[in-house]
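When we follow the numbering used here, the leftmost residue of the sequence shown carries the number 1, and every step to the right adds one.
Input: a single structure, listed below in structure tokens.
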Amino acid sequence: MIEVTELSKHYGAHVALDAVSFSAKQGEILGLLGPNGAGKTTTMRILTGYMPPSAGKAVVAGYDVSAESFEVREKVGYLPERIPLYPDMTVEGYITFWAKLRHTPQVKQAVQTALEKVDLIARRKSLVRTLSKGMRQRLGLAQALVHDPQVLILDEPTIGIDPQQVIEVREQIRQLAKSHTVLFSTHILSEAEQICDRVVILNRGKLVAYGTPEALRKQLYPNDHLYLEIDAPKRDQQKVITLLNGLTGVESVTPVAGGFNLRAKKDADIRGKLVEKILSSGYGLRELRPVAMTLEDIFLEIVGK
Ligand SMILES: Nc1ncnc2c1ncn2[C@@H]1O[C@H](COP(=O)(O)OP(=O)(O)O)[C@@H](O)[C@H]1O
Ligand SMILES: [Mg+2]
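This is the structure:
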């Protein structure tokens with residue numbers, strides 16, 4: 001559905017996107033992640049036919065974004081970063097306008113369906129200016145999907161709306177993915193983790209990671225993380241560190257407030273040996289627990305490098 005090959009974009013001498021490749025299958029939710037300036041919006045504007053790439057190729061819903069940008073704009077659904085809303089139009093009028101612009105057959109039915117999908121049917125006669133921010137975001141979604149596109153591209157759909165509305169919009173995205181391929185961008189890692197089948201992580205225009213959230217966690221972070229609290233005199237801290245480091249499978253030991261963070265080789269489950277070693281050395285063990293890795297940690301790790 002989306003096939004991106006070695007895509008690059010230069011703004012003058014500035015490289016905003018550097019030979020990025022990824023794909024999304026039918027019905028998949030692909031997350032585009034990265035901090036501000038990573039190149040997310042640039043990627044999306046290219047994929048929606050609004051801006052040509054400097055190099056590389058992208059095919060979306062069967063159309064080449066360079067050679068067939070007109071078709072791409074008509075067939076693909078796009079929620080831009082800033083939605084151009086017309087405050088004096090009615091909800092229905094606004095969506096009808098977009099349906100016509102894209103030559104949607106059976107406009108009336110299409111508008112009705114789109115407004116039902118985003119739960120704005122009760123507000124169909126309201127003026128756009130009277131909608132809350134969350135409703136405006138849903139109106140933007142309705143605009144993006146009124147022509148029933150195979151592919152939906154949503155640029156930071158949950159930015160700038162309150163937490164309750166964020167939950168609603170995320171739920172909308174999940175629903176939409178049942179009948180559309182969805183590419184959406186976010187700088188919120190936990191959000192991507194919650195809704196994406198796979199994620200692409202961009203940093204300064206480069207693809208730095210790509211895969212399922214689980215696979216990324218395994219591949220990029222091959223260590224097991226443990227937190228330990230040991231009952232030992234403060235002056236023995238260095239001794240304890242040496243002791244822990246001496247165990248096979250232990251990669252690093254870092255003292256933190258009240259205890260130690262320990263990284264071990266993945267799947268080397270060393271907890272039994274750890275307990276034995278600590279107790280046989282005359283110390284007590286107060287706590288031993290795994291530290292869950294989030295995509296956030298992984299992200300900081302790779303972006304920080
Ligand atoms: N029209 C433009 N002209 C020049 N530089 C741009 C333009 N649009 C974006 N950039 C630069 O390209 C980089 C990527 O921007 P953008 O794609 O908007 O990132 P993101 O959406 O991930 O925040 C940034 O460094 C930004 O300043
Ligand atoms: Mg952006």
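Cβ atoms here follow ideal geometry from the backbone N, Cα and C, with glycine treated the same way.
Residue environment: glycine 160 is assigned as exposed (fewer than 16 neighbouring CB atoms within 10 Å of its CB, all protein chains considered). With 16 or more other Cβ atoms from the protein chains shown falling within 10 Å of its own Cβ, isoleucine 2 counts as buried.
Positions of the alpha helix (DSSP H) runs, each at least 4 residues long and wholly inside the stretch 139-221, are given as 163-176, 189-195 and 213-220 in order along the chain.
Only residues of its own chain outside the window of five on either side were considered, and among them Gln112 and Leu115 have a CB closer than 8 Å to the CB of isoleucine 121, listed in chain order.
Rounded to the nearest whole angstrom, the CA to CA distance from proline 35 to glycine 140 is 23 Å.
Taking leucine 207 as reference, the option from Pro163, Ala38 and Gln26 with the minimal CA-CA separation is Ala38. Going down the chain, each residue whose beta-carbon is closer than 5 Å to a heavy atom of ligand 1 shows up: Tyr11, Ala16, Asn36, Gly37, Ala38, Gly39, Lys40, Thr41 and Thr42.
In this structure isoleucine 167 is exposed. Its beta-carbon is surrounded by fewer than 16 other beta-carbon atoms within 10 angstroms. If you draw a straight line from the Cα of valine 59 to the Cα of threonine 130, it is about 38 Å long.
C-alpha of arginine 289 to C-alpha of phenylalanine 260: approximately 11 Å in a straight line. In this structure, the CA atom of lysine 239 is about 51 Å from the CA atom of leucine 183. Distance from the CA of glutamine 194 to the CA of proline 233, rounded to the nearest whole angstrom, comes to 42 Å. Counting only the Cα atoms, proline 213 lies some 28 Å from proline 53. If you look at serine 21, you'll find it in the beta strand (DSSP E) that goes 14-24. Proximity of the beta carbon of serine 132 to ligand 2 is not indicated: no heavy atom of the ligand is located closer than 8 Å.
Cβ neighbours of tryptophan 98 within its own chain (closer than 7 Å, five residues either side excluded): Gln143 and Val146. Look at glycine 62 here: in three-state DSSP terms it is coil, with no helix or strand label. C-alpha of glutamate 296 to C-alpha of glutamate 276: approximately 33 Å in a straight line. Within the stretch 224-265, the complete beta strand (DSSP E) runs of at least 3 residues fall at 250-256 and 259-265. When DSSP states are grouped into helix, strand and coil, glycine 37 belongs to the coil group.
DSSP lists Ala55 as the beta-bridge partner residues of serine 8. Segment contact: the stretch 60-71 against the stretch 89-96, fewer than three CB-CB distances shorter than 8 Å; contact not assigned. For tyrosine 94, the enclosing alpha helix (DSSP H) begins and ends at 91-101.
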